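For reference, the structure discussed in these notes is given below.
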Amino acid sequence: MLIAPLPMLVLWALLHFSTPRKGLPVSRFDAQPENRRFLLFWLFWVCVGLAGSFILIAVNPKFPPTIVWLAAGGTIWFAVLMYKAVQLDRLRQQDDKKRIPEALTEWEEADSVS
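And the structure:
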């Protein structure tokens with residue numbers, strides 16, 4: 517019973533001692549419009565998943581068992597979530613590729629100054 521808070525204490529220590537004293541540099545979450553769109557999709561998708569689970573549990577089909585329906589629905593739900601996450605990652609990669617020439621000129625200017 518006394519070891520119950522131990523995992524949380526270990527997690528806290530890991531985060532506490534791996535973070536620099538000044539903190540981590542963080543850009544604003546809504547600085548990129550695709551982040552906001554993905555967050556809104558994620559919130560909507562979580563609501564869809566919870567509603568589907570509650571409806572399925574309330575209906576309680578006898579055949580096939582509820583667990584089969586939950587597993588199949590959860591698999592489809594997770595696949596759609598991963599698809600949207602991959603789309604977001606591809607958008608970010610395209611943006612990064614577009615910014616390469618600008619970054620190179622900034623790097624060369626900074627290198628020539630010093």
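Residue 630 is where the sequence shown ends in the numbering used here, and the numbering goes up by one at each step. The beta carbon of each residue, even a glycine, is placed where N, CA and C say it ideally should be. Bear in mind that the values here come from a model prediction, so they are computed numbers and not experimental data.
What does the alpha-carbon distance come out to for the pair residue i and residue j?
{"i": "M524", "j": "L530", "result": "10 Å"}
{"i": "I519", "j": "W528", "result": "15 Å"}
{"i": "L631", "j": "R537", "result": "Past the boundaries of the shown model lies residue 631; the chain is included only from 517 to 630, so the question cannot be answered."}
{"i": "K578", "j": "C563", "result": "25 Å"}
{"i": "V584", "j": "Q610", "result": "39 Å"}
Do residue i and residue j have their CB atoms nearer than 8 Å?
{"i": "L620", "j": "E550", "result": "no"}
{"i": "L604", "j": "F554", "result": "yes"}
{"i": "G539", "j": "G568", "result": "no"}
Hey, residue i and residue j are a contact pair by Cβ (cut 8 Å); roughly how many whole angstroms apart?
{"i": "I573", "j": "T582", "result": "7 Å"}
{"i": "F557", "j": "K614", "result": "Wrong, their Cβ atoms sit about 23 Å apart, outside the cutoff."}
List the endpoints of the continuous alpha helix (DSSP H) containing residue i.
{"i": "R615", "result": "It is not in any alpha helix (DSSP H) - R615 carries neither H nor E in the DSSP assignment."}
Which of the three DSSP states, helix, strand or coil, is assigned to residue i?
{"i": "I571", "result": "helix"}
{"i": "I519", "result": "coil"}
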